[in-house]
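In the working numbering, the protein residues as written are 98 to 375. We put the CB at the ideal spot given by N, CA and C, even for glycine. None of the values given here were measured: they were computed from a predicted structure.
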Ligand SMILES: [Zn+2]
């Protein structure tokens, strides 16, 4: 049973929360219309180091099998917390600095210049609105995670590297937003807010019939979490063939996450060297 934001694993609470998210999202939707008519101002050029990390994140996530032709990674703008940076609509493994676009938190492109946007960019804007602590977001359809999104088997931390999963991994059910026949995509502000509500304060949420989202305090941290969410799912499925796994308890998971959060540069350097064009 997925866990709702009150921390309790009951479906009714989850449905109520999603319903209130949808209702709350009506106001931002109206604001989008108004704001879209007056072009939002740019926050100006982002730190080149942030752009470099964001480009590398796209390449790494492809190289590590987290994204393929689909999926995306964004970063909150370093000059304005109400802006974020995301590639134009294209395969992540091909992204360069010139492809990075700026968005406001309702996911309006600031200066599209004919470039197309990802249909699901609303995932990013909604999470940045809901989570001031989050500075980077990954959305993917990575394959090992899908069985946990589509069954009632909870994704739980198998080892210390995946300690960030210790607070529970909720599953977003798009049907609970009143969309019984959707195409499963988070294609507007309303659905973005509902997903952000399911994520709550956690680092990772799964999306039934779709994929997952990861959120973190930096681009490097979110790449670490997206990669090891996929690895953990693979290992957990293997372990469950052998028997009943002994997972990290919440205290172990929290302690491991604190340690690992200080070590993300180590795998980042390795992954970046592999993934970037020579
Ligand atoms: Zn998707």
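- Between residue 281 and residue 306, the CB-CB gap stays under 7 Å.
- Between residue 308 and residue 237, the C-beta gap is smaller than 7 Å, which places the two residues in contact.
- Looking at the backbone, the Cα of residue 245 and that of residue 178 are separated by about 33 Å.
- Short of 8 Å from the beta carbon of residue 303, and not among the five residues preceding or following it, lie these beta carbons of its own chain, in chain order: 242, 245, 246, 252, 266, 267, 268, 269 and 309.
- Just so you know, the alpha carbons of residue 221 and residue 199 end up roughly 12 Å apart.
- According to DSSP, residue 354 shares a beta bridge with no other residue.
- Between residue 257 and residue 353, the beta carbon gap of about 4 Å places them in contact (Cβ cut-off 8 Å).
- According to the DSSP secondary-structure assignment, residue 184 is paired through a beta bridge with 197.
- Under the DSSP assignment, residue 303 falls in the beta strand (DSSP E) whose first and last residues are 301-304.
- Pairing residue 293 with residue 213, the inter-Cα distance amounts to about 24 Å.
- If only uninterrupted alpha helix (DSSP H) runs of at least 4 residues are considered, those enclosed by the region 235-259 are 243-247.
- Ranked by Cα distance from residue 137, the first of 357, 202, 314 and 296 is 202.
- In this model, residue 167 and residue 187 are separated by some 8 Å (Cα to Cα).
- Beta-carbon to beta-carbon, residue 151 and residue 191 are separated by about 14 Å, too far to satisfy the 8 Å threshold.
- Annotation for residue 363: the continuous alpha helix (DSSP H) segment containing it runs 362-372.
- The beta-carbon separation of residue 233 and residue 316, rounded to 4 Å, stays under the 8 Å limit for a contact.
- Residue state for residue 312 is assigned as strand, using DSSP reduced to three classes.
- Nearest to residue 227 by C-alpha distance, out of 195, 295 and 156, is 295.
- For residue 307, the three-state secondary structure derived from DSSP is coil.
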